[in-house]
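Note that the UniProt record's numbering gives residue 137 to position 137 of the sequence shown, counting from 1, and the numbers run on in steps of one.
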Amino acid sequence: MREAPGGTDRAVSVTVGYVMTLAISTLLLSGLFVAGGSFVETQRERAAHGELTVVGERIAADLGTVDRVASSASSPDELTVNRSLTLPNRVSASGYRIRVTENGTAGAIALESDATDASVEVPFRTSGDVAVRNATVDGGDLRIWWDPDAGTDGEVVVDDR
1 MREAPGGTDR AVSVTVGYVM TLAISTLLLS GLFVAGGSFV ETQRERAAHG ELTVVGERIA
61 ADLGTVDRVA SSASSPDELT VNRSLTLPNR VSASGYRIRV TENGTAGAIA LESDATDASV
121 EVPFRTSGDV AVRNATVDGG DLRIWWDPDA GTDGEVVVDD R
């Protein structure tokens, strides 16, 4: 007995076509998920970088304010300056760290995100007779104040509240 032309071949071609459609669909969807995931991560890092820049510039501006008040005071050893700074606890849904370093009249505020690779460095300048204490604090509310008892002429201190 002879088979009809294409009798069993049709059943195989439907099954092979179905399997190939599933395989191609799976490849396309996994490619979209991979591309979408890296896009979201890139956007998150950009957002964190932008937020850290804004936070760093706010800290630099307030350091400059305390510096100007301290350098213009006639007797800095009797001066009281206390500047509270309200900053976000998180940037792009993760914590961050603030490091203030000063060397002479130039300094830098380095901000680093805990979850992303975003990091920012914001420079600041101080007057020659005012020092800034090096500090590392977690992100969030800060206090920038004048400590007349530190060093020989006093210094600006950054700490968390």
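Here a beta-carbon is modelled for each residue, glycine too, at the ideal position from N, C-alpha and C.
Query raised in the report: Should Gly56 go down as buried or exposed, given a rule of 16 or more other Cβ atoms within 10 Å for buried?
Result: Per the 10 Å Cβ criterion, buried.
Query raised in the report: For the beta strand (DSSP E) that Pro123 lies in, which residues bound it at each end?
Result: For Pro123, the enclosing beta strand (DSSP E) stretches over residues Ser119 to Arg125.
Requested in this report: Can you tell me which of the three DSSP states Thr116 falls into?
Outcome: Secondary structure at Thr116: coil, using DSSP grouped into helix, strand and coil.
Query raised in the report: Helix, strand or coil: which one does DSSP assign to Leu28?
Result: Reduced to three states, the DSSP call for Leu28 is helix.
Query raised in the report: Closest by CA to Val122, which one among Gly140, Asp153 and Thr53?
Result: Taking only the C-alpha atoms, the option nearest Val122 is Thr53.
Query raised in the report: Leaving out the 5 sequence neighbours to the left and right, which residues in its chain are closer than 8 Å to Thr86 when beta-carbon positions are compared?
Result: Counting only residues of its own chain and dropping the five nearest sequence neighbours on each side, Thr86 has a CB closer than 8 Å to the CB of Asp141.
Requested in this report: For Thr143, write down the residues that DSSP places opposite it in a beta bridge.
Outcome: The amino acid occupying residue 143 in the given sequence is Arg; Thr does not appear at that position. Answer is Ser84 and Asp159.
Query raised in the report: Do the segment 21 to 41 and the segment 96 to 111 make contact, defined as three or more Cβ pairs closer than 8 Å?
Result: No contact exists between the segment 21 to 41 and the segment 96 to 111.
Report task. Determine contact between the segment 124 to 135 and the segment 64 to 74, defined as no fewer than three beta-carbon pairs at a distance below 8 Å. Result -> Cβ pair count under 8 Å is three or more, so yes.
Query raised in the report: With 16 other CB atoms within 10 Å as the buried threshold, where does Thr116 fall?
Result: Buried.
Report task. For Asp149, name the three-state secondary structure that DSSP assigns. Result -> Note: Asp149 maps to coil in three-state DSSP.
Report task. Under 8 Å Cβ to Cβ from Val158, same chain only, skipping five residues before and after it: list those, please. Result -> So the list reads Ile59, Leu63, Ile98, Val100, Val132, Arg133, Ala135, Val137, Leu142, Arg143 and Ile144, once near-sequence residues are dropped.
Requested in this report: Would you mind reading off the limits of the beta strand (DSSP E) that contains Arg90?
Outcome: No beta strand (DSSP E) holds Arg90; DSSP gives it neither H nor E.
Query raised in the report: Under three-state DSSP, which class holds Thr105?
Result: Of the three classes helix, strand and coil, the one that applies to Thr105 here is coil, per DSSP.
Query - Val137, enclosing beta strand (DSSP E) - first and last residue - result: Note, Val137: beta strand (DSSP E), Ala135 to Asp138.
Report task. Can you check DSSP and say which residues form a bridge with Tyr96? Result -> Beta-bridge annotation (DSSP): Tyr96 is paired with Ser113.
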